[in-house]
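In our numbering, the protein residues as written are -18 to 335.
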């Protein structure tokens, strides 16, 4: 199967085309520091060709959920260094996914109790989860000014430098799922009339600046990827023309020489644009969207993807590549333990025959 062939994404050589997708698990300890359980969790899944971590907030202001890890102080960096060391000891490769939640935050997470930030002062529909996991209505965010945008860009660059110091093999900028970069890209959440709003090119300006800062912070463009979710309406996201918006957004990255573009685009999408986005960025494509082995193999053989990422199957199947290769049935994850908690539903799933 081509799924098990090696592939090179920028400077990162993968032993297979099976990528572990980023998944929020809400297991960070005090100070949003990843602990020993997190190291065990990722090391158990080191047989993936590449692991992309859960979203890691680049600043305290970027936090959007309870007990999510950061990479903006020395303790958090040390915690991630231990995770990376465990994955490398198990023979794996791991990339840090960097995020700022933007309006998908709440004053309860803000260091000064202030409003979360966004491209425009538009509240998303729905609820945030507070530190006690109770639902609380989103509040109308504060629109970022030029100085605020520059501070966000700098935070991404600083987090990328910390990721390099922690030993990560690569980093990925999260530009999807309704978080801050995605909020800028889409005209449903970006109503600005300045240089960061209006045209698709202007709305993508912050992504270009963030990607440049991350490249500089990590020190290698060919170890930096970007993740998009053009069709995802999660977190109250809309856009009038995603088939134009997202190839334009990918295109602003074209001169950087990035390692990959990671696109959430389910099989059977009526107007697929993932491959065009990767071409616009001049980068290999990791495809995501509910794939299992057979569909992933078909996507790779048909040229629709260079690698495929798998999310929830990795939760209950730490040895997912081996199960795919042997044609074994997959275990089902316990939905009640996906978010938050301890070892149960996190590090206690056995390998096949274990």
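Glycine included, each C-beta is placed from N, C-alpha and C at the ideal position.
Note down, one range per segment and in chain order, each beta strand (DSSP E) of at least 3 residues found wholly within the segment 38 to 106. Runs of the beta strand (DSSP E) inside the segment 38 to 106: 75 to 80.
Kindly list the residues whose CB is nearer than 8 Å to the CB of residue 22, restricted to its own chain and excluding five residues on each side of it in sequence; keep chain order. On the chain shown, residue 22 is found 41 positions in, with the first residue counted as 1. If we look at residue 22 and ignore the five residues flanking it on each side, its Cβ neighbours are 6, 8, 327 and 328.
Between the segment 188 to 198 and the segment 119 to 134, can you find at least three pairs of beta-carbon atoms closer than 8 Å? The segment 119 to 134 makes contact with the segment 188 to 198, as at least three CB pairs between them are under 8 Å.
Rounded straight-line distance, which links the Cα of residue 208 to that of residue 148: Residue 148 sits at position 167 when you count from the first residue of the chain shown. Residue 208 sits at position 227 when you count from the first residue of the chain shown. Approximately 21 Å, taken between the alpha carbons.
Is it buried or exposed for residue 176, if we count other Cβ within 10 angstroms and need 16 for buried? For this step, residue 176 is matched to residue 195 along the chain shown. That one is exposed.
Backbone secondary structure at residue 118 - three-state DSSP: Looking up residue 118 in the chain shown gives position 137. Of the three classes helix, strand and coil, the one that applies to residue 118 here is strand, per DSSP.
Whose C-alpha, out of 111, 95, 70 and 118, is nearest the C-alpha of residue 105? Stepping through the chain shown from its first residue, residue 105 is reached at position 124. For the options 111, 95, 70 and 118, the alpha carbon positioned closest to that of residue 105 is the one of 118.
Whether residue 226 touches residue 167 by CB criterion (9 Å): As a first step, residue 226 must be located in the chain shown, where it is residue number 245. As a first step, residue 167 must be located in the chain shown, where it is residue number 186. Yes. Within cutoff.
Between the segment 274 to 288 and the segment 314 to 326, can you find at least three pairs of beta-carbon atoms closer than 8 Å? No contact exists between the segment 314 to 326 and the segment 274 to 288.
In this structure, how does DSSP classify residue 206 when only helix, strand and coil are distinguished? What you label residue 206 is simply residue 225 of the chain shown in a count that begins at 1. Three-state DSSP puts residue 206 in a strand.
Counterpart residues of residue 153 in DSSP-defined beta bridges: Locating residue 153 in the chain shown gives position 172, counting from the first residue. BP columns for residue 153 point to 78 and 206.
In terms of residue numbering, what span does the alpha helix (DSSP H) encompassing residue 23 cover? Here residue 23 refers to the residue found at position 42 when the chain shown is read from its first residue. Per DSSP, the continuous alpha helix (DSSP H) segment holding residue 23 begins and ends at 17 to 25.
Ignore the nearest five residues each way along the sequence and tell me which others in residue 41's own chain have a CB closer than 6 Å to its CB. Indexing the chain shown from 1 puts residue 41 at position 60. Excluding five sequence positions before and after residue 41, the CB atoms of its chain that fall closer than 6 Å to its own CB belong to 92, given in chain order.
Going by C-alpha distance, which of 233, 331 and 44 is nearest residue 313? Start at 1 with the first residue of the chain shown, and residue 313 comes out as number 332. Cα-wise, what sits closest to residue 313 is 331.
Of the listed residues 120, 110 and 80, nearest to residue 96 (C-alpha basis): On the chain shown, position 115 is the one that residue 96 refers to. Comparing Cα-Cα distances from residue 96 to each of 120, 110 and 80, the minimum goes to 120.
With a threshold of 16 other CB atoms inside 10 Å of the CB of residue 335, please say whether the residue is buried or exposed. Within the chain shown, numbered from 1, the residue matching residue 335 stands at position 354. With fewer than 16 other Cβ atoms within 10 Å, it is exposed.
Going by DSSP in three states, residue 123 sits in which element: helix, strand or coil? As a first step, residue 123 is located in the chain shown; it is residue number 142 there, counting from the start. For residue 123, the three-state secondary structure derived from DSSP is strand.
Am I right that residue 37 and residue 51 are in contact with their C-beta atoms under 8 Å? What's the rounded C-beta distance? Counted from its first residue, the chain shown places residue 37 at position 56. Counted from its first residue, the chain shown places residue 51 at position 70. Contact between residue 37 and residue 51 holds, with the beta-carbon distance rounding to 6 Å and staying under 8 Å.
What would DSSP say about residue 254, mapped onto helix, strand or coil? As a working mapping, residue 254 is identified with position 273 in the chain shown. The answer is coil: DSSP assigns residue 254 none of H, G, I, E or B.
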